[in-house]
Structure formats: C-alpha cells, structure tokens
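In order, the protein sequence lines correspond to chains A and B. Going by this note's numbering, the first sequence opens with residue 3, and the numbers climb by one from there. Going by this note's numbering, the second sequence opens with residue 1380, and the numbers climb by one from there. For every residue, glycine included, the Cβ atom is placed at its ideal position computed from N, Cα and C. Step one of this worksheet: look at the structure below.
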Amino acid sequence: MDQFTLNLIVVGITFAIYIGIAVWARAGSTAEFYAAGQGVHPVANGMATGADWMSAASFISMAGIIALAPAGGYTQSAFLMGWTGGYVLLALLLAPYLRKFGKFTVPEFIGDRFYSGGARLLAVICLIVISVTYVIGQMRGVGVTFGRFLEISTDMGLYIGAAIVFAYAVFGGMKGITYTQVAQYVVLIIAYTIPAIFISLALTNSFLPQLGLIGNYAPGGGDQAFLAKLDQVVTELGFTAYTADTTSQLNMFLFTMSLMIGTAGLPHVIIRFFTVPKVADARSSAGWALVFIALLYTVAPAVGSMARLNLTTTMWPNAVAGNALDGDAISVEAIQNDPRLSWVKTWEQTGLLVMEDKNGDGMIQYYNEANPAMQAIAAERGWVGNEVTKIDNDIMVLANPEIAALPGWVIALVAAGALAAALSTAAGLLLAISSAISHDLIKGSINPNISEKGELLAARISMTGAIVIATWLGLNPPGFAAQVVALAFGLAAATIFPALMMGIFSKRVNKEGAILGMLVGLVFTAVYIFLYKGWFFIPGTATFEDVPANYFFGISPLSIGTVGALLNFGVAFLVSAITKAPPREVVDLVESIRIPRGAGKATAH
Amino acid sequence: MVDRTGHVTSDRTSSNAYWSANVRIILISLAIWFACSFGLGILLRPALEGIMVGGADLGFWFAQQGSIYVFLVLIFVYAWLMNRLDRQYGVDE
C-alpha cells in the first residue's frame, strides 16, 4: 500500500471517530452547549485541555523553533516554561474560583464582579481579538497539513477541516468538543511520541527521550554527552551552541512571564475548567491537563535537538565520530542514490528543505555563512556560501518518522496527529468566540429575555458564523499571521489575567479601576507591538525597525505583555483607591467564590 | 449564591481563616514556582555552571525539563492540601 493511501485511511478513521462522537454528544441545553453540563470527569477534562491547548504550532513547529533558533536552543526554553508554568497560575489563582462562580463565560465573570456592562463588553472585545488572531493559525495549520499529506490543495483541506469542526462544534457545543478533544489528544500524543522514542533510541540508546536529552551520544561511541556532542558539531560549523546562555536575561525573564500569564488568561483554556463538577475537580483537572501537556513538552526539546544533530551529521558524515570539517560534506550523488537518505529528497520536494550546490563541487556544504571564522574557512576551501539554504522549523517533527525509517503507518499517524492538534485548538477557540457572542452580547445586552431554546439556537448560529469567518481568514490570511502569538499572549496577559485575578483576590478593586486597568493594558501592549510589527500589522507601517537595539530598555515586543499586566494592576489599584468601593453584593460574590461548597449540581452524562 | 450578610460572626471568622490559610499555601507554592523556573532556569544559571544533571547543566535542565516536573508536583500537592483544608473548615463538597 502506498503512503498516500495509508495517510488517507488513518486520517479517515480518526475523522470517522470525531463524527461518531459528534452524533453521540449532541448538546440539548445551553448548559451543555457552553459548559458540557458541568459533568466532565477531571481526568477527561485534563486530556481535553491538553488537546485544546496544544495547537498546530506546539505539535508541528515548537521542536524546530527550539532546535533551530539562531541564538541557541536554550534561549527558547521560554516557550517550554511559559506554556506549562501558566497552568500553575490557572490551578492556584483562577480555575477553582471561576468554577465556583458557576457561569459560562469569562466576560460574564468580569461583568458581574465589576458590576458593569461596559467591563463585560471590554472583556468580549479582548476575547474576540485574542481568539480570532489565534484561530487563523489553526485554520492555516489544517489546510497546510492536508496539502502536505493528502495531496489536495490547501484551500480544499481547509474546507474539509471546517466541515468536520462544524459537525461536532455546532451540534455538540462544549460537550461535543470536549469528547472529541479527548480522542484528538490520544491521536496527537501517540503520533508525537512514537517517532521521538525511536530517534532517542537511535541516538542515545535511551527509550525515554527525556533521558536521552541528558544521556550520551551513542553513534559516536557513547562516551560523550549528547548535548556536548550537539554543541560541538554546531559550533564547529559556526552556529551558536544549543546550550549557549541567553544574551538578555531580562528579555528571557519577561518573555517567559508573558507566556505564563498569557496562558492563564486565554479564554478558551479557562472555559475548559467550567466543565468539571466541583471546585476540587477544577484544581486537580489543571494538574491532569499539565500531565498530558508535559508528555509532549518534555519530549519536544529532545525531538528538536536530536533531529538537528541527525540532520547535521547527515550533511557532514564525519561529524558522527569525529570533527565535521575533517571530512567532506555529503555529496549530491549520495543524496540522490543512498536509500537511507531518501527522506532528504522527500522533504526537498515539499520545499521545506532547500539545497543548492553553489560552488558546483558536487557536495553540499552546510555552515553558518554569517560567522566570520567560517567565512575564512570557506574562502580557503573554495565554498561560496551555505548550500542548505532553507531548513523549515516544521521539518524537525514531520521528517522524523522517515529519518528513523519507521513504517508508513507512523507517517500517516503524524499527519492525523497534526490535524488533531489544529482541529482541537480551533474548536476550543471557536466555542470561546461563539459563547461570547451568544451569551455575553445577545443574552447579556441585546436581548436579555431570550428563551433557553432561543439562546441555544443563537449559540449554534454564532458558532456557524465563527466557523465561516475563521475559514475565510484561513483562506485569506492577513499578512500578520506569523505575529499573532505575540498579540494573543500579550493581550491575554495584559487584560484578562489581571482583571480575573484582581476580581478574585481583591474586594476593593472596583468597576472604574478594572475598566481603566484593562484599557491601559490593552492600549499599551497593542501599541508597543504595533510600533515594531507595523500598525495593525500592516506591512511597512512599523515606526521602528524590529531589532533589539531599538527596544525600550531592551524589552522585545514579544515580552511586553508582562509590563502591560503590571500597568493594568497598578492603574486598577490606584483608581480603585480614590473611587467608591464596590457595593455590598459584589463583596458577597467575592466571598462566595472563595468558598468551594455549593458549586451547584453536576449533570451526569 | 451564598448570602452571608445575616450570618453569625463565627462563620465569617472561620471563612477568613480558611482564606488566609489558602493564600498562605498559594504564596509558598508561587515561591517554588518562581524559584525553579525564573530562578534556577534563568537568573541563577550562570552561577550554577558546572553542576550537571546527566549531560546537561543544572540551569539548562531546569529550563527545558525540571521546572515542568516541579510545576506538575506543585499543582497536585496544592490540590491535595486544599482538599484537606476544605474538609478542616467544612467547606468541601
């Protein structure tokens, strides 16, 4: 059976499972549509949160982002700590209290706690900006994965993906999404770890990639640490060592913090904790979510660094046992004819790996041409430039099954896993968007007297609208698709997280404080990002060139969310101190969410 | 929704004590959260040079592996401590 048929079968089976769940888990009420009837087991919710959280970027790109970073892999640890440490904040500071509050959306809590329709509306705006920018990347991920593995156009892939999400999100709401995400988690984690185990076994003799990362490099004889070997090989070719220290601790600190508090402030993640039966379940469920997330996140740096070493020793065969430059580079002829290198050809065809024999010597020299020491060596040996002109981040994950010569069904599984990662995150985001529209806008302000049935219908129509818009944006991605991470995390960190935290931990912060705090956080963070990335991300409109020399106090636009959050807290406390304290019933509300007892009856299903 | 306005004072004292116990546990947990990631993983890395975990230096290991394991333990210990506290104060479900 050829690879294409195999991909089709495996992806087809997973899609059939998702549709089956959609038929089984139809939502009958708004409580089921928004919060799965608050009857989801904490372990199942943890798994669903894992899939909800881990996007196409986590699955396909993160390992490569870490391993191929020009400043070295260590500096990118911000992603690993930031995207997991946020769950500690969720478990300790937000999830249990918001579950006790017992309603359906994040803006609803902000509106009730700060007794203000304006605060609720502002939260809806933040939520929609955050979630819409985020969902574009997911829809692209679906289209690209289809295009790469199933030989159909990106656009066609996008339509198919949107139709699948439509089936389980519109009919099943949160209930359908939850159980589909559980299935999607299982698919994506198997797809990620199987190739990782094999590459770890090959490079370090270690079954667990987490131990392989700190183990010894086996092909070179086994007496050198894997990381030391990787550092040696890449520095020999003029690249920065994988474990090189960061050049700016301040930036790494602020970036990690932005990702952490941004994670804790992402609405589509928070609403997952509304679905468990009890407050105690919300706490433990955050722990389970991190268990399932950590399974991928502790493997990712191993996958990335091992794939990078593998690729580098492929380009310089002598590097396996000795020094790369003591031998010749790989020959064009070997790439064409050696069956063990067939994956190089495969990925060249996709354009993710591009090679060009610039000096026509029949060999492909891979090195850092920007490094002066390497330029000297190159001049001496007659090289005219780095001949591996492109290594896409995604290849560090996608090519692994072929590099490790794993059977075709593993490759098919990786395709299904990438689709599961993108679809599950898209569905969670779409639910956050549609519930903000039907519950916060329609029921909350436009038509408060809407019936239960009417609201359920409104929720389904909003979901359909959100899917149509997300699909359109996926088909016509605005130029700024790559910048969305900065915006989504920065805004979540600077607006929603501080508002929620102050709403729970302070009885004194009032309406005026919260609204002004959110506004300042929103405007400050967005403006700082726009200054460097272009106003509203329109190319060519950036006020300053996006280079460290231009940053205020050296703070990159990616890290600015932390500062925005501090400003939000500061403004909110200051303004609250000089304006009227919140009314009695709001203080009572704060006291009631701090006590777990009485979170409301769960709905079994 | 629990309206506590009409309740006797002992009830309020008890829930205040519950809340301050909770805040204390949160502060200790956050100190650990900060120490393993921002501390060992970033700020103290240069100072810890030479201490190895297998083939990785301690700071690097905490940044790419260790802090995640600490986070995990932290959440489950917090959940366990809070369940105990909930029962102690009779506010469990």
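Item	Value
Check residue 250 of chain A in the structure and name its three-state DSSP category.	coil
According to DSSP, is residue 1382 of chain B part of a helix, a strand, or is it coil?	A caution first: residue 1382 of chain B carries a pLDDT of 42, below 50, which makes its placement in the model unreliable, though a value can still be read off. Coil, per DSSP.
At least one CB of chain A closer than 8 Å to the CB of residue 1444 of chain B: is that the case?	yes
Looking only at its chain, what residues have a beta carbon closer than 7 Å to the beta carbon of residue 254 of chain A, apart from the 5 residues adjacent to it on each side?	77, 80 and 248
Quick check: residue 285 of chain A and residue 93 of chain A, are their CB atoms within less than 8 Å of each other?	yes
So, does the CB of residue 1394 of chain B fall closer than 8 Å to a CB anywhere in chain A?	yes
Assuming residue 355 of chain A is part of the beta strand (DSSP E), what are its boundary residues?	355 to 357
Using Cβ-Cβ distances below 9 Å, what residues of the stretch 550 to 566 of chain A are close to chain B?	none
Can you tell me which residues form a DSSP beta bridge with residue 366 of chain A?	A:332
Quick check on the DSSP output: the beta strand (DSSP E) that includes residue 392 of chain A runs from which residue to which?	390 to 393
For a cutoff of 8 Å on Cβ pairs, would you count residue 115 of chain A as touching chain B?	no
Verify whether the separation of the beta carbon atoms of residue 280 of chain A and residue 601 of chain A is less than 8 Å.	yes
When DSSP labels each residue in this structure, what does residue 184 of chain A get in the three-state scheme?	helix
Within a Cβ cutoff of 7 Å, which residues of the same chain sit near residue 304 of chain A, ignoring the five residues on either side of it in sequence?	198, 202, 211, 212, 214 and 215
Can you pull the chain A neighbours of residue 1419 of chain B, defined as C-beta to C-beta under 8 Å?	Ordered by position in chain A, no residue passes the 8 Å Cβ test against residue 1419 of chain B, which lies about 11 Å from the chain.
Note down the Cα distance separating residue 188 of chain A from residue 45 of chain A, rounded to an integer number of angstroms.	13 Å
Under 8 Å, Cβ to Cβ, is there at least one residue of chain B near residue 280 of chain A?	yes
So, under 8 Å CB-CB, residue 96 of chain A and residue 502 of chain A are touching, yes? Tell me the CB distance rounded to an integer number of Å.	6 Å
Under 8 Å between beta-carbons, which chain B residues line up against residue 40 of chain A? List them in chain order, please.	Correct list: empty, because the minimum Cβ distance to chain B is about 12 Å.
Contact criterion: CB-CB distance below 8 Å. Does residue 229 of chain A meet it with respect to chain B?	yes
To the nearest angstrom, report how far apart residue 107 of chain A and residue 176 of chain A are at their CA atoms.	12 Å
Determine whether the Cβ of residue 1403 of chain B lies closer than 8 Å to any Cβ atom of chain A.	no
Quick one: is residue 1430 of chain B near chain A, going by C-beta distance under 8 Å?	no
Hey, could you find the ends of the alpha helix (DSSP H) residue 665 of chain A is sitting in?	Because chain A here runs from 3 to 607, residue 665 of chain A falls outside it and cannot be looked at.
By how many angstroms is the C-alpha of residue 138 of chain A removed from the C-alpha of residue 534 of chain A?	21 Å
Counting only C-beta atoms, is residue 106 of chain A closer than 8 Å to chain B at any point?	no
Run down chain A in chain order and give the residues with a C-beta less than 9 Å from the C-beta of residue 1447 of chain B.	82, 83, 86, 87, 292, 295, 296, 299 and 300
State yes or no: is the beta carbon of residue 314 of chain A nearer than 8 Å to at least one beta carbon in chain B?	no
Around the C-beta of residue 504 of chain A, are 16 or more other C-beta atoms found within 10 angstroms, so that it is buried, or is it exposed?	buried
Cα separation between residue 493 of chain A and residue 329 of chain A?	50 Å
Under a CB-based cut-off of 8 Å, is residue 1408 of chain B close to chain A?	yes
Name the one or two DSSP bridge partners that residue 412 of chain A has.	Its beta-bridge partners do not exist; DSSP assigns none.
Measuring only the C-alpha atoms, how far is residue 129 of chain A from residue 435 of chain A?	7 Å
Count the other C-beta atoms from every protein chain shown that fall within 10 angstroms of the C-beta of residue 450 of chain A, then say buried if there are 16 or more, exposed otherwise.	exposed
Just to make sure I have the definition right: I need the residues of chain A whose C-beta is within less than 9 Å of the C-beta of residue 1399 of chain B. Which are they?	The contacting residues do not exist; residue 1399 of chain B stays about 11 Å from chain A at best.
With 8 Å set as the bound, which would you pick, yes or no: does the beta-carbon of residue 533 of chain A sit closer than that to a beta-carbon of chain B?	no
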